[in-house]
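Protein chains in written order, with the numbering used here: chain A, 39 to 153; chain B, 7 to 122.
Written out as structure tokens, the structure reads:
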């Protein structure tokens with residue numbers, strides 16, 4: 039398996055523009071997570087899905103952020119409009135629920151810079 | 007609320023030295039999961055180990071070992087005979103026993119620098 043795939047790896051956009059981050063989870067995994075990493079706040083969970091349904095979006099910072107999972111193999115995180123303080127590395131991760139609750143596997147991240 | 011504390015911000019060692027990374031956690035749950043992840047300079051997050059709260063056995067994997075002590079709420083990570091390739095940021099993380107063990111609360115990370 040290719041692992042969790044995120045695109046783009048790097049994104050530079052101007053303030054006010056819409057930005058969409060994409061994620062393809064590991065095939066067969068039923069949980070998908072979006073995390074954000076910043077120097078100030080470290081790694082924090084934004085939202086997670088189970089079987090394509092959003093379960094907990096309490097970490098989404100503002101209404102400017104939205105996430106969707108239209109099918110089991112694709113998810114997007116959208117920021118509209120973007121602001122400089124949204125600059126961060128955004129990670130997508132997936133996992134498989136089971137009796138032993140397996141670990142999350144992370145993608146390589148998308149480094150977002152809003153200028 | 008859950009909390010993970012990694013008090014060591016940065017550690018520098020010379021190759022072949024042993025090094026221990028500390029992790030202290032707080033949770034009100036009786037069932038939970040603990041993890042260590044490695045973030046090398048390339049930026050990805052690499053899973054190292056998962057520990058269930060009801061399994062206090064220590065674990066060794068090659069040069070890596072983990073010491074889980076519920077009495078002190080600690081889950082420390084030791085690298086024996088460190089190598090330059092071990093240079094990375096290491097994160098300890100905690101998960102409640104919900105439908106998934108992957109809703110993680112991360113510590114702030116410890117940056118390990120191994121030099122020749």
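Yeah, the Cβ is synthetic: ideal placement off N, Cα and C, and Gly gets one too.
DSSP places residue 77 of chain B within a helical segment (H, G or I) once states are collapsed to three. Note: residue 94 of chain A is bridge-paired with A:86 in the DSSP secondary-structure output. Taking a Cβ-Cβ cut-off of 7 Å, the neighbours of residue 114 of chain B in chain A comprise 80, given in sequence order. Under the Cβ criterion of 8 Å, residue 109 of chain B is counted among the residues facing chain A. The Cβ-Cβ distance between residue 12 of chain B and residue 28 of chain B falls below 8 Å. Taken through DSSP and simplified to helix, strand or coil, residue 149 of chain A comes out as strand.
The beta carbon of residue 109 of chain B lies closer than 8 Å to those of 101, 102 in the same chain, with the five residues before and after it left out. Chain A has a Cβ within less than 8 Å of the Cβ of residue 56 of chain B. Unbroken beta strand (DSSP E) runs of no fewer than 3 residues, entirely contained in the region 37-86 of chain B, are found at 38-45, 52-58, 65-67, 70-75, 80-85, following chain order.
Residue 102 of chain A and residue 94 of chain A have their C-alpha atoms spaced approximately 17 Å apart.
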